[in-house]
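All the letters of the sequence shown, read from the start, carry residue numbers 0 to 382 under numbering that gives the first Met the number 0. Each remark here refers to the structure printed beneath this line.
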Amino acid sequence: MSNKERRWMVLGVTYIAALAPQVTLLSLPPLFPVLSSAWGVTTAQLGFLMAIFGIGIAVSALPWTLVLPRIGLKKVGMLSLSLLLVGSGICLIFPNYNGLLAGQIFGGIAYGAALIYPMSIVPLWFSAGEYGRAYGCIATIFPVSCIVAFTVDPILVQYGIMTPYLLVFIWSLIGLVLWLTLVKIPSEERKGIDVDLHEVLVNRNVWMVAYGWAAFAFFLFSLLGFVPMYLVKMGSFSLRLATLLALLPLAMMIWNRPIYGFLSDKIGKKKLLVPSLLLQFLLALAIPLIPFEVIYWVVYLSILGIVMGPMSPCTLAGIASILKSEVVGIGMGCLNFAAGVAICLGPIITGYLIPFVGWPIALTLSALPCALGVITDTIAKIP
């Protein structure tokens, strides 16, 4: 196999492996209506399940970036996938709320590396002129995993509430075997070096961009967590239809993220990030006005997916352009940390608000951080 063929094979295996933590995170939202009816779990408790996962991401994201240059990319990927096996195994062995909480902690820690090792492997195999294509592929991991979780999980749950975590276990095992046997790390990877964490932590532009990323995650995961349940409980939609509708923004992102990545190289990242955050906030204001008819939700969620499209490719490229190449991995860790905090706070705050202000107002308020994100991304200096 030629080096050109091998690098795409390595990227493909990395893609498969990186899907596993994403599917783990996204296995929860489709289960919310079932957990609520079968176990009597409140919206606040459902939000806390997502929050625990977010805490795991937040506390592990920066440590993963420090571990990476010391033990190498291969071992980071191996540890991440092994932790997923442990977390999904706990969910299968202890099929109750507490078991699910424990499994979420391990899944969150594993997810802490889910952005770092796929992003770090690209420079080892691809030239700078090919980054766009490679990162464009990586950027579709999240929406693809959403589609897998939201379409397959409602089917699997018919055979048991924890059955979706059997899919996670099998997927993680396959990803681990493929990662260990087929992914070769070029000798250019540097190990045992000291990374300048301080250089990144004091860079205000990194944190301004990271806040915009967190605002997007806060809104997105509040929607993914509660829109299906909202449509089932308030609109009398079937669970399968509600989860399929919730997939529409992600389906839009699969095809538009590579396009937005290409456009960001032409017109600049900020010119796409700022309008995206502003439009997300404005679109959220319309949630209380949308009738419970399928066509309205199809149109609304499709538009939302188009509006959200620039966030991933432009944020990742923005961090890479702000920082020196030696510390880009730490920058990705900062993004993961910010996302972890948002994934922790978004669903739990929205879950607590629902009984007090109602479903539509709570979902609308989840986009409020995007308004501040417009300001932070405007101020940030993004080359």
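By construction, the Cβ of each residue, glycine as well, lies at the ideal position given by its N, Cα and C atoms.
Measuring straight from C-alpha to C-alpha, what distance separates residue i and residue j?
i, j, result
"K270", "Y259", "11 angstroms"
"L344", "V58", "14 angstroms"
"I329", "M310", "19 angstroms"
"P122", "P359", "44 angstroms"
"D152", "L278", "31 angstroms"
"C331", "L82", "Residue identity check: residue 331 is Met in the sequence provided, not Cys. Cα-Cα distance, rounded: 20 angstroms."
"T64", "M233", "43 angstroms"
"R69", "T180", "21 angstroms"
"I266", "A16", "33 angstroms"
"I169", "T363", "37 angstroms"
"I387", "M49", "Given that the chain is displayed from residue 0 to residue 382, the structure contains no residue 387 and the question cannot be resolved."
"A37", "L219", "26 angstroms"
"E188", "L114", "Reliability of the predicted coordinates at E188 is poor, the pLDDT of 49 falling under 50, and no value is obtained from them."
"I108", "P62", "10 angstroms"
"G191", "F291", "Bear in mind that the predicted position of G191 carries a pLDDT of just 47, short of 50, making it too unreliable to give a figure here."
"T162", "F336", "29 angstroms"
"L100", "A138", "28 angstroms"
"I92", "V85", "10 angstroms"
"I384", "L367", "The first residue shown for the chain is 0 and the last is 382, placing residue 384 beyond what the model contains."
"L209", "Y158", "It should be pointed out that residue 209 corresponds to Ala in this sequence rather than to Leu. Cα-Cα distance, rounded: 40 angstroms."
"S275", "L196", "30 angstroms"
"I378", "L272", "12 angstroms"
"A383", "V22", "This structure gives no information on residue 383, because the portion of the chain shown stretches from 0 to 382."
"S237", "I348", "26 angstroms"
"M118", "T13", "10 angstroms"
Does residue i come out as helix, strand or coil in the three-state DSSP assignment?
i, result
"G71", "coil"
"K270", "helix"
"N97", "helix"
"V40", "coil"
"F280", "helix"
"I184", "coil"
"F236", "coil"
"E4", "helix"
"G308", "coil"
"K265", "helix"
"N335", "helix"
"I286", "helix"
"L159", "Checking the sequence, you will find Gly at residue 159 rather than Leu. In the structure shown, G159 sits in coil (DSSP, three-state: anything other than H, G, I, E or B)."
"I108", "helix"
"G46", "helix"
"G357", "coil"
"S81", "helix"
"V201", "coil"
"L322", "coil"
"I173", "helix"
"F31", "helix"
"L114", "coil"
"A370", "helix"
Is any heavy atom in the ligand FAD found nearer than 7 angstroms to the beta carbon of residue i?
i, result
"L48", "As far as ligands go, the structure on display features none, and thus does not contain the ligand FAD."
- Count the C-beta pairs between the segment 215-234 and the segment 18-31 that are closer than 8 angstroms, then say yes if the count reaches three, no if not. Output reads yes: the segment 18-31 touches the segment 215-234.
- Task: Specify whether the segment 6-15 and the segment 194-210 touch according to this definition: at least 3 beta carbon pairs, one from each stretch, less than 8 angstroms apart.
- Result: Taking 8 angstroms as the limit for Cβ pairs, the verdict is that the segment 194-210 does not touch the segment 6-15.
- Query: Is there contact between the segment 239-252 and the segment 368-381, where contact requires at least three CB pairs shorter than 8 angstroms?
  - Reply: Contact between the segment 239-252 and the segment 368-381 is absent, with fewer than three C-beta pairs closer than 8 angstroms.
- Item | Inside the segment 207-257 only - alpha helix (DSSP H) runs reaching at least 4 residues | For the segment 207-257, whole alpha helix (DSSP H) runs of length 4 or above, ordered along the chain, are 238-245.
- Are three or more beta carbon pairs between the segment 30-42 and the segment 164-178 nearer than 8 angstroms? In short, these stretches do not touch, since the Cβ pair count stays below three.
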